[in-house]
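Anchor point for the sequence shown: position 60 equals 168 in the working numbering, and the numbering is continuous, going up by one each time. By construction, the Cβ of each residue, glycine as well, lies at the ideal position given by its N, Cα and C atoms. Reading through the structure tokens given below for one structure.
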Amino acid sequence: MTTAVHFDLDGTLCSYDVPFDEQFVRTVSPYGEPTDAAYEAYLEVLFDAIDRCESEPYRRAFEAVLEITDLDATAAALAREHCETELEASVVSDDAIRVVERVAATNPTGVLTNGAGDQQRAKLERHELADLVESVIVSGDVGVGKPNRRIFERAMAALPGDDQVYVGDSYEEDIVGARSAGFRPIYVVDDPGGRNEADAADAVVSSVGDLLEPDGFPEPIRRPFEPRRD
């Protein structure tokens, strides 16, 4: 029996050592005043553009910022600099890397994430995760995002297996979306919002590093993992 394992990126494998609002301030400050209204406009348009799987969500977000500020920069330049700031603030723990290494040693392994294709892939490259996985599916590349069933079906097609497992931190996008598509979800969360959330997942862990524990993964992928069948 072959079990394919897919990981979410932001919030699951990757976190940030600089808050998002501070990242915005660092990007904008050299060009003008980083107001609360500008940050709110940035977030609203960014998340909407990511949900719509637009090809340049960061540029679209900074276009909205420039409509209400007098920043001395172009939207393209701000987007480029902000993506670099976000990338530098990204953190992947040693435990997260060990989890992916351990899973990939015996199971088909991939990353399935919402976001801009170039930016999400840059995070994987920066933290040396890209070479550990066989498949990377990003919503901005394929035109559909979680929790839509179609992006999970793309992941299944990329990593065929008798069983499909998804590890993520968002209840609606990752757990509900994965379960409805036929995956076995693993919920990464400090405290599930209620019994229904916990019951929707095959396992609940407080951090991805907890999957290093012998009972971190549900059967049949607890240590030792089953041999791969290529």
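With which residues is residue i paired in a DSSP beta bridge?
i, result
"R292", "V273"
"H235", "Note: H235 sits in no beta bridge, so no partner."
"C122", "D118"
"G251", "In DSSP, G251 forms no bridge with anything."
"L220", "I245"
"V199", "S123"
"V313", "V296"
Residue i CB to nearest chain D CB: under 7 angstroms?
i, result
"V275", "Protein chain content of the structure displayed is limited to a single chain, and chain D is not contained in it."
Taking C-alpha atoms, which residue in the options lies nearest to residue i?
i, options, result
"K231", "T135, A157, C191 and G317", "C191"
"V126", "T193, A112, S247 and G248", "T193"
"T120", "R287, A306, I283 and E321", "I283"
"Y166", "I176, T177, R160 and V153", "V153"
"Y124", "F132, S198, A309 and S314", "S198"
"D298", "A286, G317 and R287", "G317"
"G248", "F155, M109 and P322", "F155"
"E236", "A309, A204, A169 and D277", "A204"
"S278", "S137, E130, E233 and D118", "D118"
"S314", "P322, V296 and R234", "V296"
"C161", "I245, E281 and N222", "N222"
"A185", "I176, E175 and V136", "V136"
Would you tell me roughly how many angstroms separate the C-alpha atoms of residue i and residue j, rounded to the nearest one?
i, j, result
"R331", "L319", "Here the model assigns R331 a pLDDT of 40, short of 50, so the residue's position is not dependable and the matter cannot be decided."
"V250", "I158", "12 angstroms"
"R337", "Y139", "Because the pLDDT of R337 is 44, which lies under 50, any placement of that residue in the model is unreliable, and the number read from its coordinates should be weighed accordingly. Using only the alpha carbons, I get a separation of about 55 angstroms."
"P300", "A306", "6 angstroms"
"V340", "L220", "Here the chain has residues from 109 to 338 only, and residue 340 is not among them."
"A145", "A311", "40 angstroms"
"E171", "K254", "25 angstroms"
"F333", "A308", "Any reading at F333 must be qualified, since the residue scores a pLDDT of 40, below 50, and its modelled position is unreliable; no value is offered."
"G285", "R257", "7 angstroms"
"Y147", "S163", "21 angstroms"
"P142", "E196", "20 angstroms"
"V133", "V207", "34 angstroms"
"G218", "E189", "28 angstroms"
"A212", "D180", "46 angstroms"
"N304", "F260", "22 angstroms"
"R287", "A263", "14 angstroms"
"A149", "E233", "30 angstroms"
"E209", "Q131", "30 angstroms"
"A187", "T177", "15 angstroms"
"A169", "D202", "32 angstroms"
"A183", "T214", "44 angstroms"
"E281", "I245", "15 angstroms"
"E175", "A265", "42 angstroms"
"A224", "L151", "14 angstroms"
Does the beta-carbon distance from residue i to residue j come in below 7 angstroms?
i, j, result
"C122", "V200", "yes"
"A112", "Q272", "yes"
"D226", "M109", "no"
"F70", "V275", "Residue numbering for the chain in the displayed model covers 109 to 338; residue 70 lies beyond these limits and cannot be assessed."
"L267", "P322", "no"
Between the segment 289-305 and the segment 234-246, can you find at least three pairs of beta-carbon atoms closer than 8 angstroms?
No, the segment 234-246 does not touch the segment 289-305.
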